[in-house]
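Numbering (my numbering), first residue to last: 1493 to 1568. Every residue, glycine too, gets a C-beta built ideally from N, C-alpha and C. This report concerns only the one structure given below.
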């Protein structure tokens, strides 16, 4: 991922092939610029909700259960 992590979907796409974690910079900076400390908190909450929803769409309820099996071959 050369554009960075900006959403919960991006987190899932990074973790599925084997990443143990991700760095999130842009979303925090945008939140900080818009609303200060509360904006950073809000950005994290949004990414967390997106990740939960995306995992549910993939039939996963635990981040530890996410693997490359969520990808449809030839579509990523």
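{"Query": "Among 1554, 1545 and 1550, nearest to residue 1564 - alpha-carbon criterion", "Result": "1550"}
{"Query": "Touching by the beta-carbon criterion (3+ pairs, under 8 Å), the region 1495 to 1502 and the region 1542 to 1549", "Result": "yes"}
{"Query": "Supposed contact pair residue 1517 and residue 1496 - C-beta distance, whole angstroms, cut 8 Å", "Result": "6 Å"}
{"Query": "Cβ-Cβ separation, residue 1508 to residue 1558 (assumed contact under 8 Å), whole Å", "Result": "5 Å"}
{"Query": "Span separating the alpha-carbon of residue 1555 from that of residue 1528", "Result": "29 Å"}
{"Query": "The alpha helix (DSSP H) enclosing residue 1544, as first and last residue numbers", "Result": "1529 to 1549"}
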